[in-house]
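Numbering (the UniProt record's numbering), first residue to last: 1 to 195.
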């Protein structure tokens, strides 16, 4: 079995060893700060990242470059499909909530409980696997034809313009730059009732 890559971002050098003990089937890549984390994301493309969002730790880190919440946003900006597990102190609930609001997949309390972390990481890997499989299946489907795309765009424009004009057909025709008879024809063609 090929080991899965887990990126651990924390300035505590002992955390990497504890995570490796909790998850022996994972290949652990460690980063001590925001800049190192982004470099590791680019180099290793890990599907899951365990990121300390404790503001003081990463902000004071010699390899810092920002705080944990900044790192979360930057990592997801670099690779939106990555599942980020926010490692937040148990007594900092607001920090955990902010991490989830910024896109963290799940939160795990600090100090780390090995069994809890193993379960959270396993769920994150499963989610990443499912999403990857979904993308593979979608790629296998034939892309929509140009006509289908045009029809969808035209329908959306009709509905949006009708909503903006409050359902007034004369105003809708004016906003779309078409005559009323043409508008009636388009509405019929797309199955839109303008009652």
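No residue lacks a Cβ here, since even glycine has one placed at the ideal position from N, Cα and C.
(1) What ranges does the alpha helix (DSSP H) occupy inside the segment 159–188, keeping only unbroken runs of at least 4 residues that lie completely in it?
(2) Quick one: is residue 28 buried, meaning 16 or more other Cβ sit within 10 Å of its Cβ, or exposed?
(3) If residue 33 sits next to residue 11, beta carbons under 8 Å apart, how far is it from one beta carbon to the other, in whole angstroms?
(4) Taking the continuous alpha helix (DSSP H) assigned at residue 73, which residues delimit it?
(5) Per the contact definition of three or more C-beta pairs closer than 8 Å, is the segment 80–87 in contact with the segment 105–112?
(6) What are the residues that DSSP puts in a beta bridge with residue 47?
(7) Roughly how many angstroms lie between the CA atoms of residue 61 and residue 39, to the nearest whole one?
(8) Alpha carbons only, please: which of 101, 189, 22, 94 is nearest the one belonging to residue 150?
(9) Which residue comes first and which comes last in the beta strand (DSSP E) that contains residue 7?
So, from the data block:
(1) 169–176
(2) buried
(3) 7 Å
(4) 68–78
(5) yes
(6) The partner list for residue 47 (beta bridge, DSSP) is empty, contrary to what the question assumes.
(7) For residue 61, the predicted structure reports a pLDDT of 46, less than 50, and the residue's modelled location is therefore unreliable. The matter cannot be settled from this model.
(8) 189
(9) 4–9
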